[in-house]
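A quick write-up on the structure given underneath.
Residue numbers (the numbering used here): 4 to 227.
Structural data, given as structure tokens:
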């Protein structure tokens with residue numbers, strides 16, 4: 004089999020290992036992944052970065068970390084199994100889902116994609132820490148990244164900003180905004196409410212205002 008040539012940025016992310024942390028571009032989940040899942044995720048991300056690099060990017064939307072129901076499985080920030088195809092189609096790409104069994108939904112991803120589906124702007128999705136940190140002994144859990152992980156995340160984000168040259172950064176949640184650290188102020192940055200834990204209404208309102216999206220009806224807004 005011919006070895007897939009990865010973008011240098013993706014190769015750098017795929018090479019990182021931290022304790023109690025799943026790297027979806029190098030690690031295989033023995034429960035949910037196809038045998039070639041890490042390679043699939045790395046290839047998909049590489050193609051996505053290449054497409055974005057060749058485009059005019061309006062914004063990088065940044066979450067905190069990959070979650071176990073979303074990015075751990077897909078390798079795509081703020082994207083669950085349900086929205087892989089939609090995510091890639093925005094960049095003219097396709098790819099097969101790297102996980103086995105039924106598609107798993109994530110609440111945050113559902114709200115993110117509710118809003119993205121209503122706009123045409125080139126938005127690249129990322130996280131302050133681009134891997135999945137989990138509690139010791141429980142790979143299917145989420146934890147906040149630590150200081151060492153944040154330093155790597157800041158370096159990766161700085162490299163991504165240089166590659167994509169976005170007009171602005173949209174931080175989804177205070178954790179993401181506060182974790183930007185030394186990068187905050189180097190590019191126009193907007194903080195919006197995270198849609199989880201009761202923040203969905205405010206998040207929808209803030210993104211709607213930012214991107215001049217017309218309010219939807221109550222029935223259209225109801226996701227759950």
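All C-beta atoms in this analysis are idealised placements derived from N, C-alpha and C, irrespective of residue type, glycine included.
Three-way DSSP call (helix, strand, coil) for residue i in this model
| i | result |
| --- | --- |
| residue 130 | strand |
| residue 178 | helix |
| residue 106 | coil |
| residue 173 | strand |
| residue 111 | helix |
| residue 193 | strand |
| residue 135 | strand |
7 Å CB neighbourhood of residue i in its chain, flanking five on each side removed
| i | result |
| --- | --- |
| residue 107 | 72, 76, 83 and 84 |
| residue 126 | 61, 62, 64 and 119 |
| residue 93 | none |
Same chain, Cβ closer than 6 Å to residue i, neighbours up to 5 away in sequence not counted
| i | result |
| --- | --- |
| residue 68 | 130, 132, 136 and 148 |
| residue 40 | 31 and 101 |
| residue 4 | In this prediction, residue 4 has a pLDDT of 36, which is less than 50 and means its spatial position is unreliable; nothing more can be read from the coordinates. |
| residue 43 | 101 |
| residue 45 | 9, 13, 17 and 28 |
| residue 202 | 196 |
Short Cβ contact (8 Å threshold) for residue i with residue j
| i | j | result |
| --- | --- | --- |
| residue 190 | residue 210 | no |
| residue 12 | residue 52 | yes |
| residue 25 | residue 139 | no |
| residue 55 | residue 183 | no |
| residue 173 | residue 193 | yes |
Residue closest to residue i, alpha-carbon to alpha-carbon, out of the options
| i | options | result |
| --- | --- | --- |
| residue 2 | 140, 141, 87 and 143 | No answer is possible for residue 2: the residues shown for the chain start at 4 and end at 227. |
| residue 134 | 154, 121 and 123 | 154 |
| residue 47 | 121, 23 and 80 | 80 |
Cβ-heavy atom distance, residue i to the ligand MG, below 7 Å
| i | result |
| --- | --- |
| residue 215 | This structure lacks the ligand MG; in fact it carries no ligand of any kind. |
Close beta carbons around residue i, own chain, < 8 Å, minus the five adjacent residues each side
| i | result |
| --- | --- |
| residue 103 | 35, 36 and 37 |
| residue 15 | 159 and 162 |
Where in the region 13–88 do unbroken runs of the beta strand (DSSP E), each at least 3 residues long, occur, reported from the N-terminal end onward? 62–68
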